[in-house]
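Those protein sequence lines, which keep their order, are chains U and V.
If you count the first sequence from 1, position 261 lands on 638 in the numbering used here, and the numbers rise without skipping.
If you count the second sequence from 1, position 27 lands on 98 in the numbering used here, and the numbers rise without skipping.
Reviewing the structure listed below.
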Amino acid sequence: MDYYLNLINTIGIHTLLGLSAYLLILTGQVSMAQAGFFGIGAYTAAILTVIFEWSILSAIGAAMLVSGGVAFLVGFPALRVKGLMLVVATVAFSEFARMFFYNVKWRVIRDGAEIGPNGTMGFPEIRYFSDNGWLNWEVTIFIWIFVVIVMALIWWSDQTRIGAVLRAVGEDELAADSTGINVTVVKVAAMTAGGVVAGLAGSLYAHQVTDLDHHTFTVLLATFAIAYPILGGLSNVFGTLIAVLFIQGFLVEGLRFLGDWRMLLFGALIILAMNIKPLGLFDNQTIRILRNALGVKRRSGSV
Amino acid sequence: MLEIKALSKHFGGVKAVDNLDLQVTKGEIVGLIGPNGSGKSTLVNLVCGVLKPTSGEVMFENHSLAGQVPSTRLKNGIARTFQNIRLFGGLTVWQNLWVARNSREDIQSQSILNRWLGSGTALKSEIETALEFSNLADKSDVLASNLAFGEQRRLELARAVAAKPQLLLLDEPAAGMNQAEVGELEQRIRSLREQGITILLVEHVMQLVMGVTDRIAVLNFGSKIAEGTPTDVQNNAAVQEAYLGHSDQS
């Protein structure tokens, strides 16, 4: 049972991480900084609950503000670079954040035991949930409440003019600028929102695993973050969820019985999926097929 | 309304626009013609802020536009279309007009929330009118990239007009159009003028330029070689030479 709950938690947290990258990719920014924002959220929230004994909700809120603030600052220099150069710059940022936490040592004595981030040894014993008597399924529901709220918010923004403006910037920056869209504001806002959501994902992650290790926040995590929305498709937020289910649920866990062969199949299946569905697993074609199957009529009129 | 003073733009040794003066008064339709590479598109890019001038300045309503990015100039009333159509291909026709409503009037008359959500019945009916005007009413939900060429041109014009500009820069709007479509475009340009929009029209299609403009400026190698009414320009020896080459007397 715990195995499945952990898997569901992982899927929820990775969905949030993927959604943070989704917002950025809509504006045409491929950012590898999401791993850094995730790490900042994880460490900030954990330090607040462990050392300062904050409640979980206020710690998560503060962690979102901190990663959002850092993302805002990253957003400005990121404006000057595009495409591959942005990837390189944001990888550098994520590595910087990781190495920073690798070196953070902040041990305090509480109840005769040493607690807090321990530099190279990681950050063990983030026991907010167990100390406060939360059951495993309660943690799962707690995580998924955030997933549902964030998905609903992004889905709804996508239906409004906000979504269209983000996509317009992603389509053609020069045309967007020439039609009066302030590209700087839009891109920095997307980066900030992405940082807030990645920080949320990180803070939930820290308390769910109870033990942080800087190896979690590498380029691999950043790659996953952008792989979800790209593999799932940018039609809407459900694509990202489906890609996380596909990768974390099916490829990583579902095929575990294959042993080492899994890793071979892993790459092959992703390539296959992207060839069959170049616009993402959950593209407009899939939506049409689902609509027809369910007998839902296409809404007429705009928006 | 638009005053271009001693404007130059050099790319390395190439003088794309060289010491150019040009005035456009309110309510006019001014044509800008010239052989390929004579600096017409560069001039459009200088006026709307995509390029920074090497020297000289652009004044709009007696204010210098120096240092303003395109989105700011748009809010000040200058909109444009592109020579090679640049629509938001992944957005629907409706959404292309929706995101382009960035006139100062629109920004000031709406609350921030309403503006970002893009709701409101007045806005809806205005976009529907714009679709009607562009003959795209039945294409509202079609992705812009799936439109036919002529429809894309019409949508791009509608998108520029959605920002309620005072000055509209049209960069070869008739390129690739057939006779009938050019005729429709001419009607549309006239009706925009009736709505009070001043137009600077860069065009190769002489049928359109000669038919619709009040005044024409001719560029060659970045400099103005002639200016006057369509008839004057047609009979100008320097213009004929620029287009047809030097007539060899010997």
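Note that CB positions come from ideal geometry on N, CA and C, so glycine has one too.
Predicted model, so just to flag it, every value in this text is computed and none were measured.
Query: Please classify U/Met-378: is it buried, with 16 or more other beta-carbons within 10 angstroms of its beta-carbon, or exposed?; Result: exposed
Query: With 8 Å as the C-beta to C-beta threshold (strictly closer), list the residues of the stretch 138 to 159 of chain V near chain U in chain order.; Result: Val-140, Pro-141, Ser-142, Leu-145, Lys-146, Ala-150, Arg-151, Phe-153, Arg-157, Leu-158 and Phe-159
Query: Compare the C-beta of U/Ser-555 with all C-beta atoms of chain C and state if any pair is closer than 8 Å.; Result: Annotation note: the requested chain C is absent from the structure, which comprises protein chains U and V.
Query: Write down the C-beta distance between U/Tyr-582 and U/Ala-398 rounded to the nearest angstrom, noting that I regard them as a contact closer than 8 Å.; Result: No, U/Tyr-582 and U/Ala-398 are not in contact; Cβ-Cβ is about 15 Å, not under 8 Å.
Query: Under 9 Å Cβ-Cβ, which residues of chain V neighbour U/Ile-647?; Result: Result: empty, since nearest Cβ-Cβ is about 23 Å, beyond 9 Å.
Query: Which residues, in chain order, does the stretch 528 to 552 of chain U contribute to contact with chain V at a C-beta distance below 7 Å?; Result: Thr-537, Arg-538, Ile-539, Ala-541, Val-542, Arg-544, Ala-545, Glu-548, Asp-549, Leu-551 and Ala-552
Query: Between which two residues does the beta strand (DSSP E) carrying U/His-391 extend?; Result: Not the beta strand (DSSP E): U/His-391 falls in the alpha helix (DSSP H), residues 379 to 403.
Query: Kindly indicate which three-state DSSP category V/His-134 falls into: helix, strand or coil?; Result: strand
Query: Spatial neighbours of U/Ala-419 within its chain, please: C-beta separation below 7 Å, excluding the five flanking residues on both sides.; Result: Gly-579, Ser-580, Tyr-582, Ala-583 and Leu-589
Query: Hey, how far is the Cα of U/Asn-509 from the Cα of U/Ser-432?; Result: 10 Å
Query: Whose Cβ in chain U lies nearer than 8 Å to the Cβ of V/Asn-173?; Result: Thr-556, Gly-557 and Ile-558
Query: Let me know the secondary structure DSSP gives V/Gly-293 once reduced to three states.; Result: coil
Query: Scan the stretch 110 to 121 of chain V for residues whose Cβ lies nearer than 9 Å to a Cβ of chain U and list them as they occur along the chain.; Result: Cys-119, Gly-120 and Val-121
Query: If you count every other CB in all the chains shown that lies within 10 Å of the CB of V/Glu-227, and 16 or more means buried, which is it?; Result: buried
Query: Alpha carbon to alpha carbon, what distance is there between U/Glu-630 and V/Asn-173?; Result: 49 Å
Query: Say whether chain U places a C-beta atom closer than 8 Å to the C-beta of V/Gln-166.; Result: yes
Query: I'd like the span of the alpha helix (DSSP H) that includes V/Lys-146, first residue to last.; Result: 141 to 146
Query: Leaving out five residues on either side along the sequence, give the residues of the same chain with a beta carbon under 6 Å from the beta carbon of V/Ala-77.; Result: Asn-90 and Gly-127
Query: Against chain U, which members of the stretch 206 to 230 of chain V pass a CB distance test of less than 8 Å?; Result: Ser-211, Asp-212 and Arg-230
Query: Helix, strand or coil for U/Arg-457? Go by DSSP, reduced to three states.; Result: coil
Query: Around the Cβ of V/Phe-220, are there at least 16 other Cβ atoms within 10 angstroms (buried) or fewer (exposed)?; Result: exposed
Query: So does U/Ile-518 have its beta carbon nearer than 7 Å to some heavy atom of the ligand GDP?; Result: This structure lacks the ligand GDP; in fact it carries no ligand of any kind.
Query: Tell me whether the beta-carbon of U/Ser-444 lies closer than 8 Å to the beta-carbon of U/Gly-610.; Result: no
Query: Looking only at C-alpha atoms, which of V/Gly-191, V/Thr-269, V/Glu-265 and V/Gln-154 sits nearest to V/Arg-225?; Result: V/Gln-154
Query: Anyone know if the C-beta pair for V/Gly-161 and V/Ser-216 falls short of 8 Å?; Result: yes
Query: Rounded to whole angstroms, what is the Cα-Cα separation between U/Leu-401 and U/Ala-570?; Result: 9 Å
Query: Can you confirm whether V/Leu-136, when its beta carbon is compared against all beta carbons of chain U, has any partner nearer than 8 Å?; Result: no
Query: Indicate whether at least one CB of chain U lies closer than 8 Å to the CB of V/Leu-239.; Result: no
Query: Would a C-beta distance cut-off of 8 Å place V/Val-129 and V/Val-164 closer than the cut-off?; Result: no
Query: DSSP puts U/Ile-486 in a beta bridge; with which residues?; Result: U/Glu-491
Query: Any idea if U/Ile-441 is buried or exposed, counting beta-carbon neighbours within 10 angstroms, 16 or more meaning buried?; Result: Before going on, a small fix: residue 441 of chain U reads as Met here, not Ile. By the neighbour-count rule (16 or more Cβ atoms within 10 Å), U/Met-441 is buried.
Query: Is V/Gly-267 close to chain U, meaning its C-beta is less than 8 Å from at least one C-beta of that chain?; Result: no
Query: Going along the chain, which residues of its own chain have a beta-carbon closer than 8 Å to the beta-carbon of U/Asn-661, five neighbours each way excluded?; Result: Ser-612
Query: Would V/Leu-188 pass as an interface residue toward chain U - the criterion being a Cβ-Cβ separation below 8 Å?; Result: yes
Query: Tell me, please, whether the CB atom of V/Gly-83 is closer than 8 Å to any CB atom in chain U?; Result: no
Query: Do you know whose CA, among V/Glu-203, V/Gly-148 and V/Arg-157, lies nearest V/Asp-358's CA?; Result: Because residue 358 of chain V is not part of the residues shown, which for chain V are 72 to 321, the question remains open.
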